Amino acid sequence: MNKIKYLLGIVLLTISAACSDFLEEDPYAVLSEEQLATPENVDGFVTAAYAALGNDHYDIPFSLWPYGNVRSDDAYKGGSGTNDIQVFHFFEVSENIRPDFGELDAFWYNSFIAISRVNKALAALNQIDEADFPKKETRIAEMRFLRGHFYFMLKIMYKYVPYVTEDIPVEEYGNISNRALSNDELWNAIASDFEAAAENLPLSQPEVGRADETAAYAYLAKTRLYQAYQQDENHNVVNVNPERLQQVLDATAHVIGKHQLEEDFAYNFLPGSFENGPEAVFSIQFSDNDGTLHGRLNFSDVLATPQGIGCCDFHKPSQNLVNAYKVNEEGLPLFTNYNESNIDFNNLENYSVDPRLYHTVAIPGLPWKYDEEDIYQENWVRSPSTYGYTASLKENVTADSEYLVNIDPFYGNSKNRIEIRYADVLLMRAEALIEFGRHNEALPLINEVRERADQSTTLISAYANNAGVSPYIDGENINWTQDVAREALRWERRLELAMEGNRFFDLVRWGIAGETLNKYYDEEAEEITYYEGASFDEGREEYLPIPQAQINFSQDVYVQNTGY
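Quick note, the sequence shown lines up with residues -20 to -1, 1 to 544 if you use mature numbering (1 follows the signal peptide of the UniProt record, and there is no 0).
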């Protein structure tokens, strides 16, 4: 018996020693991140981080169309009916928004996967000597820009999120509270990434699609503008901070004159040679015929294709937005009574409208995306009794476009999506000036945008002879006080940036989401039954709930947002 024990002990010691030696061996054909962090390989980390800009899905869109447009007065959800991606319908009517929505969890997860890629790239870059990799500082700045971009999206969606950098291991992400930084501190952290990027990026990049200095300054201005509207715990705007407004002016000054408006508004939303034009401060790059199965398509917006071309007729301009493009005899918006009656699509000649209507909204009987051989028809619409007859134009291409790709049952396209346009920069600067009480200085900036809108008839002249707007002329067609300037600025942002994912977040920033949306719901309910009972709960629905799955993952380290 003792001999058996002795022999067994020898066997166990041998096995133990063998296992120990085996576990200490490096596995064959597998490279660690540390081994890949070389001057020859480090750009692979950077490319992976850039690729995350397009790593979304039609129900997890980084274009933010369900959150910035459908949650606002600009768009209906669309699709086959209210049960088609029902979660987006709940956003549309501000009802039944819950922390257990899978779409919210997936958006959070995808965003932090992107941030993890950025942080891995930064960690790899930090290991390399600049003498061996001369682009080190530029690439670090690019990664700081991308991290700022993803955190900005998370911030306007959820308000409070955990902030992690390259110094924190991925396995520690769940241990960092989403309240470790205050609202203002989180804005500062995001701004610091854009500041670092702006200081170290070149004015232009030799490779299209990389962030440059002006893109970083534009995003910095956007961050500081949001931060300027200080909110309490119930999301009420309690102050507009002049220090932050000045930072908006300082940042936009680095962009003014470095870009310019397109001659025609339409050119911002056309593929091919129009992409990465003078107005595109930063664009998400897409592609097709690139050696992959379908190409690097814009999966954010595949659902917006009308049924007459493919699928699935989501993201449809609201009648309220269409009505907002009316102008009076002097070519100015109808600020107070624009929605008293609906534009009749069968009698468009009876109205005077802003030309941007025809670049933003597809209207039955008119050319689809400027193609006079292909008329947008009522039978292209999937659910007209529920969502009306319009369709969204900006993200779409013509039916015969070489950039339209059949990914059955969907039709995607490879047209770039502009993340920040120069028009947005002009309007951000104008907004800061107005809030400073320097509204007279804002007037020419707003008029620059309006004058471009007026001349944007190159592609619509055959069917838009009722289109035109006028600049604001103080003392002649308008009394340009600070309050009037503020209203004009907010109106201009809506018309210029409609369906581009901004509207709801603008309303929250200004502190008027509740009053605007509840008025909108009341008016819509008179004609659209599913708006009956819709109600925006102020102090709660300005932000989305922290996904319950993420709270569980953090073992309750994360704190739920107010009211959920």
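C-beta: ideal position from N, C-alpha, C; glycine also. None of the values given here were measured: they were computed from a predicted structure.
Which whole-angstrom value describes the C-beta separation of residue i and residue j, a residue pair presumed to lie in contact below a C-beta threshold of 8 Å?
i, j, result
"A104", "A17", "4 Å"
"V377", "K349", "6 Å"
"I170", "T203", "5 Å"
Return the chain-ordered list of same chain residues with a C-beta closer than 6 Å to the C-beta of residue i, the five sequence neighbours on each side being excluded.
i, result
"A28", "R97"
"Y153", "V144"
"K57", "V50, F68, H69 and E72"
"F25", "K100, A101 and A104"
"N221", "A208 and Q210"
"H419", "Q462 and A465"
Is the CB-CB distance between residue i and residue j below 9 Å?
i, j, result
"R430", "Y452", "yes"
"N300", "N319", "yes"
"S280", "W45", "yes"
"A412", "L225", "yes"
"F130", "S91", "yes"
"F81", "Y47", "no"
"L241", "E472", "no"
"K116", "E146", "no"
"V261", "H239", "yes"
"Y391", "T285", "yes"
"Y383", "S372", "no"
"L205", "R466", "no"
"F249", "E353", "no"
"A196", "M408", "no"
"A478", "E518", "no"
"G491", "P335", "no"
Could you say which of the options lies nearest to residue i if we only look at CA atoms?
i, options, result
"N457", "V67, E353, S515 and L312", "L312"
"T340", "S321, E421, F245 and Y331", "F245"
"Y199", "R401, P424 and F533", "R401"
"N514", "I526, L524, Y500 and P525", "Here the sequence assigns Ala to residue 514, which means Asn is not the residue at that position. The option with the nearest alpha carbon to A514 is Y500."
"A505", "I156, F249, T370 and D53", "D53"
"Y510", "R474, I492 and Y367", "Y367"
"Y77", "N326, I508 and Y138", "Here the sequence assigns Ile to residue 77, which means Tyr is not the residue at that position. When only C-alpha atoms are compared, the closest one is Y138."
"E476", "R520, P389, Y338 and V539", "Y338"
"P297", "I108, E480 and L406", "E480"
"E151", "Y538, S534 and Q540", "S534"
"Y523", "L84, N63 and Y30", "L84"
"F516", "E503, I531, L497 and A529", "L497"
"G34", "L126, G271 and I120", "L126"
"V361", "E193, S162, D293 and W460", "D293"
"N326", "N317, A178, T370 and A160", "T370"
"K135", "E122, N445, L161 and N219", "L161"
"I343", "N330, D324, D334 and S332", "D324"
"A94", "G252, N21 and A31", "A31"
Let me see if you follow: with CB-CB separation under 9 Å, is residue i close to chain B or not?
i, result
"A28", "Absent from the structure is chain B; it holds one protein chain and no more."
With DSSP run on the structure shown, which of helix, strand or coil describes residue i?
i, result
"E353", "strand"
"K202", "helix"
"E367", "Residue 367 is actually Tyr in this sequence, not Glu. If DSSP states are grouped into helix, strand and coil, Y367 belongs with the helices."
"W312", "Contrary to the premise, residue 312 reads as Leu rather than Trp in this sequence. Three-state DSSP puts L312 in coil, outside helix and strand."
"W471", "helix"
"P347", "strand"
"N342", "Sequence inspection shows Ala at residue 342; the Asn mentioned does not correspond to that position. In the structure shown, A342 sits in a strand (DSSP, three-state: E or B)."
"Q211", "strand"
"H239", "coil"
"F390", "strand"
"D454", "strand"
"G519", "coil"
"V537", "coil"
"R276", "strand"
"F294", "strand"
"T194", "helix"
"L181", "coil"
"L3", "Confidence in L3 is poor, its pLDDT being 36 and thus under 50, which makes the residue's placement too unreliable to answer from."
"I526", "coil"
"E320", "coil"
"L384", "strand"
"H37", "strand"
Within the same chain, show all residues whose beta-carbon is closer than 7 Å to that of residue i, passing over the 5 residues directly before and after it, in chain order.
i, result
"V464", "I458"
"T118", "N180, L181 and P182"
"G275", "S267, D268, N269, V385 and S394"
"E399", "F262, S263 and I264"
"T(-7)", "Because T(-7) carries a pLDDT of 37, less than 50, the predicted location of this residue cannot be relied on, and the following value inherits that uncertainty. So no residue of the chain qualifies."
"P527", "P79, L84, D85 and W88"
"I65", "D39 and G59"
"A468", "I426 and Y452"
"P258", "H239, Q240 and E242"
For residue i, collect the residues of the same chain with a Cβ closer than 8 Å to its Cβ; drop the 5 residues on either side in sequence, then sort them by chain order.
i, result
"D164", "Q207 and Q210"
"D351", "T378, A379 and D380"
"V188", "N256 and Q265"
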